[in-house]
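Structure, as C-alpha cells:
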Amino acid sequence: MYTAKKQVIIVYSSLGIGWLLLMIVIFSFILSGCNKEVLGGSGLIVTEKRQTGNFTDVAVDGPFYVHLKQAADTHVEISAEDNLMRVIDTYVSGTTLHVTLKKGVRLNFYKDIQVYLQSAHYHVVSFSGSGSIDNTDTLRTDNFDYTVNGSGNARFTVVTPKLGTLVNGSGDVTLYGSAGVYNSDVNGSGDISALGLACTDAGISVKGSGEQTLSVSHALDVSIWGSGNVRYKGSPAVNTDIQGSGRVIKL
2 MYTAKKQVII VYSSLGIGWL LLMIVIFSFI LSGCNKEVLG GSGLIVTEKR
52 QTGNFTDVAV DGPFYVHLKQ AADTHVEISA EDNLMRVIDT YVSGTTLHVT
102 LKKGVRLNFY KDIQVYLQSA HYHVVSFSGS GSIDNTDTLR TDNFDYTVNG
152 SGNARFTVVT PKLGTLVNGS GDVTLYGSAG VYNSDVNGSG DISALGLACT
202 DAGISVKGSG EQTLSVSHAL DVSIWGSGNV RYKGSPAVNT DIQGSGRVIK
252 L
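With the working numbering, the residue at position 118 of the sequence shown is 119, and numbering never jumps.
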C-alpha cells in the first residue's frame, strides 16, 4: 500500500513540473510582447531627407510605401508622422540600402509611411512585410531581381536583359517594360501580372495556388505544383511540368 501511494506522488510531481514549464513558456511570450515599444502616430506629417552612401540594392522590412527613382544623385526622403521618424532606420551595408523599423518597436494607428529612394542603378530589391513598392520612371539596368516575402505589393516598369521575380506568400506584382530572359517563381497564393512586359524567353514556376500571366515570344518553360495557373500571350515553344490541378492557358 505504501508503494502505491509513493507512485501517485511521483505522477503528480511530474505533472506539476510539466505545468510549471508550460507556464514559464507562456509568461516568456507575454513578457517579450510587453517589452516592445508601441507607438501611435501624432497626426503631424513631416518630410525628412537623409544622406546615405551609394547603393544598388534595396532591402525593405516593415510597413512602408516605397518609391524608386533612377537618377545620378543618391538620397533618401521619408514622409511620416513626426514622432515616428526616430524609429525608422535607413542605412547602407555593402551595396544594400536597408529601410526598417528599429528593433523592439511596434506601430499602432498611424498614417502611411512614404519612402522615396533615388539611385543611379538598381539590381536587387527585396520587400518583407506589408505596404507596397513601385518606381516613378522606367528602370534601365543590366539585371533586376525582385523578391517579396509576405503581403507586400509591387509595380515596376523596367527595361533589362535579365529579370527575376520571387513571391513568397500572398504578395502581388505587376510588371511593365521589356526583358530578354524572364524567370519568375510564386510560392503560395501570390499573383504576378506581366502582360505589359515583353519578354523573349521565360521560365515560370508556381507552387501553391498562385497565378502568373505574361507575354513571351520565343520559349516558355512552366513548372506547376498545386492549383496555380499560368496564362500567356504570344506564340512561344512551350514546355510544361504540372503536378496537380494547375493549368497553362494561352490567351
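For each residue, glycine too, the CB sits at the ideal point set by N, CA and C.
Drop a sphere of 10 angstroms on the beta-carbon of residue i, count the other beta-carbons inside from all chains shown, and report buried for 16 or more, exposed for fewer.
| i | result |
| --- | --- |
| residue 244 | exposed |
| residue 250 | exposed |
| residue 34 | Model confidence at residue 34 stands at a pLDDT of 48, short of 50, so the residue's coordinates are unreliable; what they give is reported in the following sentence. Result: exposed. |
| residue 138 | exposed |
| residue 252 | exposed |
| residue 246 | exposed |
| residue 145 | buried |
| residue 58 | buried |
| residue 206 | buried |
| residue 94 | exposed |
| residue 26 | Confidence in residue 26 is poor, its pLDDT being 43 and thus under 50, which makes the residue's placement unreliable; the coordinate value appears in the next sentence. With fewer than 16 other Cβ atoms within 10 Å, it is exposed. |
| residue 173 | buried |
| residue 22 | Note that residue 22 scores a pLDDT of 45, beneath 50, so its modelled location is shaky and nothing firm can be said. |
Considering just the uninterrupted stretch of the beta strand (DSSP E) at residue i, what are its terminal residues?
| i | result |
| --- | --- |
| residue 227 | 212-227 |
| residue 244 | 238-244 |
| residue 40 | 38-40 |
Return the residue from the list the options that minimises the CA-CA distance to residue i.
| i | options | result |
| --- | --- | --- |
| residue 190 | 199, 168 and 205 | 168 |
| residue 1 | 179, 128 and 236 | The requested residue 1 is not part of the displayed model; the chain covers only 2 to 252. |
| residue 152 | 187, 86, 81 and 120 | 187 |
| residue 81 | 92, 113 and 107 | 113 |
| residue 238 | 247, 197, 143 and 204 | 204 |
| residue 106 | 43, 141 and 89 | 89 |
| residue 176 | 157, 162 and 192 | 157 |
| residue 97 | 78, 40 and 118 | 118 |
| residue 198 | 179, 104, 132 and 170 | 179 |
| residue 253 | 84, 60, 37 and 39 | The chain is shown from 2 up to 252; residue 253 falls before or after that span and cannot be answered. |
| residue 101 | 74, 130 and 95 | 130 |
| residue 91 | 234, 171, 165 and 51 | 51 |
| residue 109 | 195, 209, 234 and 37 | 37 |
| residue 39 | 104, 220 and 217 | 104 |
| residue 71 | 86, 41 and 124 | 124 |
Any idea which residues DSSP pairs residue i with across the strands?
| i | result |
| --- | --- |
| residue 132 | 65 |
| residue 234 | 216 |
| residue 188 | 169 and 208 |
| residue 48 | 80 |
| residue 197 | 177 |
| residue 144 | 163 |
| residue 202 | 182 and 220 |
At what residue ranges does the segment 59-129 contain a whole run of the beta strand (DSSP E), taking only runs of 3 or more?
Taken in chain order, the complete beta strand (DSSP E) segments of 3 residues or longer contained in the segment 59-129 are 65-71, 76-82, 89-94, 97-102, 106-108, 114-120 and 125-129.
Curious, which full-length beta strand (DSSP E) runs of at least 3 residues does the segment 148-179 contain?
Whole beta strand (DSSP E) segments, 3+ residues: 154-170.
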